[in-house]
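Notes to accompany the following structure.
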Amino acid sequence: MKIIRFYICFFLLIQLCPPDNAMAVRLKDVATVKGVRSNQLVGYGLVVGLDGTGDGSKSPFTSQALTNMLDNMGIHVNRNDLKVKNVAGVMLTANLPAFSKNGQTIDVTLSTLGDAKSLQGGTLIATPLKALDGKIYAIAQGPVSIGGFMAGRSNDQLQKNHVNVARIPNGATVEREVPFSIKGKKEIVLNLNSPDFTTMSRVVNAIDTMLDGPYAKARDSATVGVTIPEKFIDSEVAFMAALENVDIVPDSKAKIIIDERTGTVVMGSNVRLKPIAVAHGNLNVEIANYENATSPLDNFNILAKEQGNKLAPVNPGATLGALVTALNVIGVTPRDLIAILQSIKAAGALDASLEII
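Under the numbering used here, residues 2 to 358 are what the sequence shown spells out, in order.
Dropping the structure here:
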């Protein structure tokens with residue numbers, strides 16, 4: 002009941018508020034600069050200092066890695082003689098942000114590969130992190146943080162949070178930079194996060210207005226090229242700062258997202274209904290022609306009542322928020338609402354895409 006009431010308040014606010022600059026967002030929030038991206042790094046390392054919660058004999062790669070590490074330190078041991086439980090083999094993952102410089106640090110995530118029970122209290126030994134090109138871009142090392150704990154032995158254990166995944170904040174030092182520069186470029190290419198022709202048209206108009214000239218040219222619904230004006234030559238950073246703060250009012254398709262596992266329904270403001278009659282259990286709802294509508298608020302006069310009561314028609318094209326308002330009056334549950342929406346969509350009376358996640 003509370004969930005539906007939330008939807009009603011949300012839709013009423015959307016319907017009563019015009020799409021003005023209050024709904025505008027910065028260009029940097031809906032688009033990215035081509036070539037400016039993070040890079041994924043991976044590596045395999047060893048976490049030592051565990052309290053008997055490391056890998057057992059069923060993880061031969063840990064013993065092999067430990068033997069190789071000791072050999073590199075001049076300590077020669079037989080792999081078959083290694084039976085330690087305070088060492089765990091882990092996979093390291095990290096994101097190398099754009100424009101990262103040598104000596105800067107990034108966060109690292111560690112995940113166990115073998116049968117280790119916990120990484121609590123462990124320390125990662127120096128581990129190289131590589132990109133897909135096989136080159137080393139960072140070195141990770143340091144004590145791990147799991148954000149939880151595991152205590153006790155055997156069947157008498159107490160555990161909080163997931164103890165087989167850990168992080169090392171600022172645990173990797175950048176050793177190699179990814180070359181990219183905007184210096185000397187004559188054009189900047191932007192990519193919309195959600196391609197849309199209407200949004201792209203607004204982006205072009207907003208950029209040209211800000212630069213006071215036809216500098217932006219759309220290539221498709223996702224890509225726009227912006228020529229750098231003469232006044233910004235040798236001031237590319239200032240140009241990018243001005244460009245990414247241009248206000249845009251993005252458009253979106255009419256869409257309804259349904260999560261049947263939790264009974265969650267999320268609906269956009271552009272969703273509209275066609276004239277239709279709905280019967281669901283002992284519930285009847287009718288959306289029909291209403292010639293006397295005098296204002297947009299009349300669309301909220303839908304009445305949905307139990308079987309046997311008279312129904313009040315409304316203007317075709319009424320918002321889905323109006324229907325939800327009517328259903329809320331009689332206490333329709335979110336799961337009933339999901340079934341009704343699916344049936345309306347199947348009947349072709351819902352002008353929106355319906356996605357189930």
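The C-beta atom is built at its ideal place from N, Cα and C for all residues, glycine as well.
Own chain residues within Cβ distance below 7 Å of residue i, not counting five before or after
i	result
PHE7	Unreliable placement is indicated for PHE7, whose pLDDT of 47 sits below 50; no coordinate value is reported for it.
ALA167	LEU111, LEU120, VAL145, SER146 and ILE147
ASP56	THR63, VAL88, ALA89, GLY90, GLY115, ASP116 and ALA117
Sequence-distant residues of the same chain with beta carbon closer than 8 Å to residue i, five excluded per side
i	result
ALA25	ASP248, ILE249 and VAL250
GLU176	ASN103, ILE137, TYR138, ALA139 and ILE140
ALA255	GLY269, ASN271, VAL272, ARG273, ASP352, ALA353 and SER354
SER51	What sits at residue 51 in the sequence shown is Leu, not Ser. For LEU51, where only same-chain residues beyond five positions count, the Cβ hits under 8 Å are LYS86, ASN87, VAL88, ALA89, ALA117, SER119, LEU120, GLN121, GLY122 and GLY123.
MET70	LEU47 and ILE126
PRO170	ASP108 and SER146
Simplified DSSP state of residue i, which is helix, strand or coil
i	result
LYS218	strand
GLN41	strand
ASN81	helix
MET74	coil
LEU51	coil
VAL164	coil
ASP209	helix
PRO196	coil
ASP361	As displayed, the chain neither begins before 2 nor continues past 358, which places residue 361 out of reach and without an answer.
VAL179	coil
GLN142	strand
LEU120	coil
LEU67	helix
ALA347	helix
ALA32	strand
ALA340	helix
ARG273	strand
VAL238	helix
Residues that DSSP places opposite residue i in a beta bridge
i	result
SER1	Since the displayed the chain opens at 2 and closes at 358, residue 1 lies outside it and no answer follows.
ASN171	According to DSSP, ASN171 bridges with nothing at all.
PHE188	Note that residue 188 is Glu in the sequence shown, not Phe. According to DSSP, which records beta bridges pairwise, GLU188 is partnered with THR228.
ASN96	GLN41
ASP248	ARG27
LYS131	VAL43 and ILE137
Whole-angstrom distance between residue j and residue i, CA atom to CA atom
i	j	result
THR199	LEU274	22 Å
ASP221	ASP197	9 Å
SER202	ALA66	56 Å
ASN165	ILE341	43 Å
ASN22	ILE208	Bear in mind that the predicted position of ASN22 carries a pLDDT of just 47, short of 50, making it too unreliable to give a figure here.
THR106	VAL43	15 Å
ASN192	MET92	32 Å
PRO297	GLN343	Only weak support exists for where PRO297 lies, its pLDDT of 39 falling under 50; the value from the coordinates is given anyway. Going from the Cα of PRO297 to the Cα of GLN343 covers about 26 Å.
ASP299	ASP30	Low per-residue confidence applies at ASP299: pLDDT is 44, beneath 50, and the placement is therefore not dependable, though the value from the model is reported in the following sentence. Rounded to whole angstroms, ASP299 to ASP30 spans 36 Å at the Cα level.
PRO98	ASN40	7 Å
PRO335	ALA347	19 Å
SER253	SER195	9 Å
MET2	GLU178	Confidence at MET2 is low in this model, with a pLDDT of 46, below 50, so the placement of that residue should be treated as unreliable; the coordinate-derived value is given next. Roughly 54 Å separates the two Cα atoms.
ASN79	VAL49	19 Å
THR94	SER101	16 Å
GLY172	GLY349	55 Å
Same chain only: Cβ atoms within 6 Å of residue i, ignoring 5 sequence neighbours per side
i	result
PHE62	GLY90
THR228	GLU188 and TYR216
ILE259	VAL266, ILE339 and ILE357
LEU28	GLU245, VAL247 and ILE249
Any non-hydrogen atom of the ligand GDP closer than 7 Å to residue i Cβ
i	result
ILE357	Of ligands this structure carries none, so the ligand GDP is not represented either.
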